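Enquirer:
Residue numbers (the numbering used here): 28 to 106.
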């Protein structure tokens, strides 16, 4: 019987890109102005979104919020 957890996985992002994503999420979380970017989401929703991001199935869920904090803008679109 093969253990499904013992296969090699390569993320579509570098370790640095994933660490940057963590920094952005922490900044959004700690911002008093923004609060949480996803007030109607559960912990499990965030966990699923994070795994889908790492797998390359979804884009960043925090980049837009982080950039709005950094520029002082309201939900600016990224190119």
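From the three backbone atoms N, C-alpha and C, an ideal C-beta is built for every residue, glycine too. Source: prediction; values computed, not measured.
How is residue 84 classed by DSSP in three states: helix, strand or coil?
Expert: In the chain shown, counting from the first residue as 1, residue 84 sits at position 57. Residue 84 falls in the coil class under three-state DSSP.
Enquirer: Could you pull the start and end residues of the alpha helix (DSSP H) that residue 54 belongs to?
Expert: The sequence position of residue 54 within the chain shown is 27, counting from 1. Start and end: 42-57.
Enquirer: Along the chain, where does the alpha helix (DSSP H) containing residue 69 start, and where does it finish?
Expert: As a first step, residue 69 must be located in the chain shown, where it is residue number 42. Residue 69 -> no alpha helix (DSSP H), and no H or E assigned at all.
Enquirer: Assuming residue 45 and residue 38 are in contact, meaning their beta carbons sit under 8 Å apart, how far apart are those beta carbons, in whole angstroms?
Expert: Within the chain shown, numbered from 1, the residue matching residue 45 stands at position 18. Within the chain shown, numbered from 1, the residue matching residue 38 stands at position 11. Their Cβ separation, rounded to whole angstroms, is 7 Å, which keeps residue 45 and residue 38 in contact under 8 Å.
Enquirer: Kindly indicate which residue of 90, 89 and 82 has the alpha-carbon position closest to the one of residue 40.
Expert: Translated into positions along the chain shown, residue 40 becomes position 13. Looking at the Cα atoms, 82 is the closest of the given residues.
Enquirer: Less than 8 Å between the CB atoms is what I'm expecting for residue 73 and residue 80, so what's the real figure, rounded?
Expert: Counting from one through the chain shown, the residue named residue 73 turns up at place 46. Counting from one through the chain shown, the residue named residue 80 turns up at place 53. Not a contact, Cβ separation roughly 10 Å.
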